[in-house]
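Novice:
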Amino acid sequence: MHGFIIRGIELFLRARHGDAAWAAVCAATGLDRRGTQIMRNYKPEMVQRMILSASTVLHMEREEWLEDVGGWIPRLDSVRYLMRFSGSCFEDFVLSLDDFHDRARVVLPGLELPKIATQMVAPQRYCLEIVSDAQDWYPVLAGLLRGMADDYGVLAIVERDEANLDVHIIDDRFAEGSQFSLAHDVGGAA
Amino acid sequence: MTSTSIPVERLATLMPMHLLVDMSGDIRSCGPTLRKMIGRATNIATAFELRRAPPDTPLLVALSQAAQSGRRVFLGLRGSNLPPLRGEATWLPGGDILLNLGLGIGVIEAIAAYGLTDADFAANDLAIEILYLQKSNQAIRLELGRHTKRLEEAREAAEQQAFTDSLTGLFNRRGFELAFSLAVDSRNAPPDRAQEFAVMQLDLDWFKDVNDSFGHAAGDAVLRRVAEVLRQETRADDTIARIGGDEFLILLQGLQSRTALEQLGRRIIAAIQQPVWYERHLCRVSASIGAVLSDSYGDITAEQILSDADEALYAAKHDGRGCLRLHDRAVNRETTLPAGTRC
Numbered sequence: 001m002h003g004f005i006i007r008g009i010e011l012f013l014r015a016r017h018g019d020a021a022w023a024a025v026c027a028a029t030g031l032d033r034r035g036t037q038i039m040r041n042y043k044p045e046m047v048q049r050m051i052l053s054a055s056t057v058l059h060m061e062r063e064e065w066l067e068d069v070g071g072w073i074p075r076l077d078s079v080r081y082l083m084r085f086s087g088s089c090f091e092d093f094v095l096s097l098d099d100f101h102d103r104a105r106v107v108l109p110g111l112e113l114p115k116i117a118t119q120m121v122a123p124q125r126y127c128l129e130i131v132s133d134a135q136d137w138y139p140v141l142a143g144l145l146r147g148m149a150d151d152y153g154v155l156a157i158v159e160r161d162e163a164n165l166d167v168h169i170i171d172d173r174f175a176e177g178s179q180f181s182l183a184h185d186v187g188g189a190a
Numbered sequence: 001m002t003s004t005s006i007p008v009e010r011l012a013t014l015m016p017m018h019l020l021v022d023m024s025g026d027i028r029s030c031g032p033t034l035r036k037m038i039g040r041a042t043n044i045a046t047a048f049e050l051r052r053a054p055p056d057t058p059l060l061v062a063l064s065q066a067a068q069s070g071r072r073v074f075l076g077l078r079g080s081n082l083p084p085l086r087g088e089a090t091w092l093p094g095g096d097i098l099l100n101l102g103l104g105i106g107v108i109e110a111i112a113a114y115g116l117t118d119a120d121f122a123a124n125d126l127a128i129e130i131l132y133l134q135k136s137n138q139a140i141r142l143e144l145g146r147h148t149k150r151l152e153e154a155r156e157a158a159e160q161q162a163f164t165d166s167l168t169g170l171f172n173r174r175g176f177e178l179a180f181s182l183a184v185d186s187r188n189a190p191p192d193r194a195q196e197f198a199v200m201q202l203d204l205d206w207f208k209d210v211n212d213s214f215g216h217a218a219g220d221a222v223l224r225r226v227a228e229v230l231r232q233e234t235r236a237d238d239t240i241a242r243i244g245g246d247e248f249l250i251l252l253q254g255l256q257s258r259t260a261l262e263q264l265g266r267r268i269i270a271a272i273q274q275p276v277w278y279e280r281h282l283c284r285v286s287a288s289i290g291a292v293l294s295d296s297y298g299d300i301t302a303e304q305i306l307s308d309a310d311e312a313l314y315a316a317k318h319d320g321r322g323c324l325r326l327h328d329r330a331v332n333r334e335t336t337l338p339a340g341t342r343c
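Protein chains in written order, with our numbering: chain R, 1 to 190; chain A, 1 to 343.
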């Protein structure tokens, strides 16, 4: 398993639940509590062990915890900028998830992020299917979408069907979205 | 409204990825780069399928909607795994639709698949720059990965050294403390997950005599032999450490039986009492053991256990050496082994 994902879960655990929770997960999984490495390969079953021990330690349902992970991603400024850049409105962002897998592959070959097939089923209504064996991505993606809807100031309902996510935009001017400009992030040529 | 016209042949250089189609979708002009990708297709529908759009939307309807609204349109190349091409469409006065497409993140794959070069892209297209970035990023990442791996190996080796007694290959005190604190934590876990353990503190008898009579090399040979005995008599998940000159600590996971502990002690002592040949000298040592069972305690601390093991060892020495004494917390005195284990 790519260290990118392992390290991501570590950062989430430490930021959201504190170092004690991270230490408990390390004790259960055998990970180094001083920190994992983004450029290393871990055993394929490591992510499952982390999810299991985290939900046990924190007394949370697996799905609920995974959704929290997804909801936390847009709070990382660098990631949020990239995601906001990939769509000028929430609808564009949802459709851009189609490119997610290929973009990740260009940045970090070997990082197998799931292929997300997006489809507009009706105006302001989208169906997202994850083309991957790892069904654990569904709650993560649901959390991510809810977090990004907040960021765009959009009221959207994200629901899990049998084999896909249903995204329904109820009000696309629900609230003032958070400020977004790439200018101060990229800098460079003035 | 004034309309300015561009000769169709100029489109090819301005927009090497354009498509000009009439109302039935027939291709009236196609950029040379796009032509490399769609082959001899004469109608847009034979080359492309609509993506990211409501199902069953006819391609031409979607195109005219895109031309009207100015929104992007996504077209998957039939018979290819490339990510969909994306572009914008516009109406031309005669009713034709002009479509200008781009490769998106699929650009790197497309460059490889269709043998494209800088000349295939418009001057304002960053395709080749993306390729540069990706290739150099890949090379640097590979180097960094190699470097990280080497550092990791060096760190592992250094850590192992820091926790190992170099003479015997057993753990040293730091290594033992690490394993022991984990055992104490897991013993103090909630009852359904708590795991008991036993600790033995072992001290060689008459070791100083071997050192004094036959030299340190003989002493080292004895210590290595003792380490071997301890390895043979314990299980793989037990922890054995040499913590001082001739002093050893043994952590026995899951061991709760007093009888088993005493039997193990007897076996270890008997094996250590077997004389060791070193060059032409016969070295004889024995061992005294102080032992503690964690299940005779309520809450435990590492300090308490180690101090009780030390106390039990002192009692074993006091009782004539070559024997095991168990620290019995319940009655706060050391139990005595049956005669015969003494030497």
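Every residue gets a Cβ at the ideal spot worked out from N, C-alpha and C, and that includes glycine.
Is A:Q256 helix, strand or coil by DSSP?
Specialist: Residue state, collapsed to three classes: coil.
Novice: Does the Cβ-Cβ distance between R:Q48 and R:G3 come in under 7 Å?
Specialist: Going by C-beta atoms, R:Q48 is not nearer than 7 Å to R:G3.
Novice: Quick check: R:P114 and R:S132, are their CB atoms within less than 7 Å of each other?
Specialist: Cβ distance < 7 Å, so R:P114 and R:S132 count as in contact.
Novice: Can you give me the Cβ contacts of A:M15 inside the same chain, cut-off strictly under 7 Å, excluding the 5 residues immediately before and after it?
Specialist: Result list for A:M15: G31, N100 and A122, in chain order.
Novice: How would you call A:T4, buried or exposed, if buried means at least 16 neighbouring beta carbons within 10 angstroms?
Specialist: Its Cβ having fewer than 16 others within 10 Å, A:T4 is exposed.
Novice: Given a cut-off of 7 Å, decide if A:A217 and A:L261 are closer than it, judged by their beta-carbon atoms.
Specialist: No, the Cβ-Cβ distance between A:L261 and A:A217 is not below 7 Å.
Novice: Provide the residue span of the beta strand (DSSP E) that contains A:V73, from first to last.
Specialist: A:V73 -> beta strand (DSSP E) spans V73 to L77.
Novice: What residue does the alpha helix (DSSP H) around R:Y152 start on, and which one ends it?
Specialist: Unbroken alpha helix (DSSP H) run through R:Y152: W137 to Y152.
Novice: So if I threshold CB-CB distances at 8 Å, which residues from the segment 34-46 of chain R count as touching chain A?
Specialist: Here the close residues are Q37, M39 and R40.
Novice: Taking C-beta pairs closer than 8 Å, name the residues in chain A that R:Q119 reaches, listed in chain order.
Specialist: Near R:Q119 (Cβ distances below 8 Å), the residues of chain A are R52, A53, P54 and P55.
Novice: Here's a check: name, in chain order, each residue in its chain whose Cβ is nearer than 7 Å to the Cβ of A:G175, leaving out the five neighbours to either side.
Specialist: Correct list, in chain order: F163, T164 and A241.
Novice: Looking only at its chain, what residues have a beta carbon closer than 6 Å to the beta carbon of A:E247, apart from the 5 residues adjacent to it on each side?
Specialist: If we look at A:E247 and ignore the five residues flanking it on each side, its Cβ neighbours are D203.
Novice: For a test of the three-state rule: what should DSSP assign to A:V353, helix, strand or coil?
Specialist: This structure cannot settle anything about residue 353 of chain A, because the visible part of chain A is limited to 1 through 343.
Novice: State the Cα-Cα distance for the pair R:E176 and R:D151, rounded to the nearest angstrom.
Specialist: For R:E176 and R:D151, the distance between alpha carbons rounds to 9 Å.
Novice: If you draw a straight line from the alpha carbon of A:D328 to that of A:L313, how long is it in whole angstroms?
Specialist: Using only the alpha carbons, I get a separation of about 12 Å.
Novice: For A:Q353, count neighbouring Cβ atoms within 10 angstroms of its own Cβ and tell me buried if that reaches 16, exposed if not.
Specialist: Here chain A has residues from 1 to 343 only, and residue 353 of chain A is not among them.
Novice: Anyone know if the C-beta pair for R:L155 and R:F174 falls short of 7 Å?
Specialist: Yes, the pair counts as a contact, with Cβ atoms nearer than the cut-off.
Novice: Which residues, taken in chain order from the segment 92-106 of chain A, show a beta carbon closer than 7 Å to some beta carbon of chain R?
Specialist: From the segment 92-106 of chain A, only G104, I105 and G106 have a Cβ closer than 7 Å to chain R.
Novice: Identify whether A:H147 lies in helix, strand or coil by the three-state DSSP scheme.
Specialist: The answer is helix: DSSP assigns A:H147 an H, G or I state.
Novice: Determine whether the beta carbon atoms of A:V276 and A:W206 lie at a separation below 7 Å.
Specialist: Against a cut-off of 7 Å, the Cβ pair of A:W206 and A:V276 comes out as no contact.
Novice: Whose C-beta lies closer than 7 Å to the C-beta of A:G340 among residues of the same chain, with five residues either side of it excluded?
Specialist: Since pLDDT at A:G340 reaches only 41, below the 50 mark, its modelled position is unreliable, and the value read off the structure follows with that caveat. Cβ within range, chain order: n/a, list empty.
Novice: Only counting the same chain, and skipping five residues up and downstream in sequence, which positions put a Cβ closer than 6 Å to that of A:C343?
Specialist: Its pLDDT being 37, under 50, A:C343 is placed unreliably in this model, and the value from its coordinates should be taken loosely. Result list for A:C343: S286 and G322, in chain order.
Novice: Suppose you measure from the CA of A:A227 to the CA of R:P139; what does that come to, to the nearest Å?
Specialist: Their backbone Cα atoms lie some 52 Å apart in a straight line.
Novice: Looking only at its chain, what residues have a beta carbon closer than 6 Å to the beta carbon of A:I128, apart from the 5 residues adjacent to it on each side?
Specialist: Only D118 meet the Cβ criterion.
Novice: Take the Cβ of A:G79 as the centre, count every other Cβ of all protein chains shown within 10 Å, and call the residue buried at 16 or more, exposed below.
Specialist: By the 10 Å Cβ count, A:G79 comes out exposed.
Novice: Would you list, in chain order, the members of the segment 95-110 of chain R that have their beta-carbon closer than 8 Å to a beta-carbon of chain A?
Specialist: Against chain A - using a Cβ distance shorter than 8 Å - the residues of the segment 95-110 of chain R are L95, D98, D99, D102, R103, V106, V107, L108 and P109.
Novice: Given a cut-off of 7 Å on the beta-carbon distance, is the pair R:M192 and A:G145 in contact?
Specialist: Residue 192 of chain R lies beyond the residue range present for chain R, which begins at 1 and ends at 190; the question has no answer from this structure.
Novice: Quick check: what's the CA-CA separation for A:L59 versus R:D102?
Specialist: The straight-line gap from Cα to Cα measures roughly 24 Å.
Novice: Going by CA-CA distance only, name the one from A:E233, A:P54 and A:V21 that's closest to A:A47.
Specialist: Here the closest residue by C-alpha is A:V21.
Novice: Within 7 Å of any Cβ in chain R, is that where the Cβ of A:T239 sits?
Specialist: For A:T239, the answer is no, since every Cβ of chain R falls outside 7 Å of its Cβ.
Novice: I believe A:R52 touches R:L95 by the beta-carbon criterion, under 8 Å. Please report the beta-carbon distance rounded to the nearest angstrom.
Specialist: Right, their Cβ atoms sit about 5 Å apart.
Novice: Check whether the Cβ atoms of A:A309 and A:L251 lie closer than 7 Å to each other.
Specialist: Cβ distance not < 7 Å, so A:A309 and A:L251 don't count as in contact.
Novice: Can you tell me whether A:A194 is buried or exposed? The criterion is at least 16 other CB atoms within 10 Å of its CB, across all chains shown.
Specialist: Exposed.
Novice: Could you check the C-alpha separation between A:L381 and R:E162 for me, to the nearest Å?
Specialist: Outside the displayed range of chain A (1 to 343) lies residue 381 of chain A, so it cannot be described from this structure.
Novice: Assuming contact is defined by CB atoms lying nearer than 7 Å, are R:A117 and R:E129 in contact in what I supplied?
Specialist: Yes, the Cβ-Cβ distance between R:A117 and R:E129 is below 7 Å.
Novice: Nearest-angstrom Cα distance between A:E9 and R:V107?
Specialist: Rounded to the nearest angstrom, the two C-alpha atoms are 38 Å apart.
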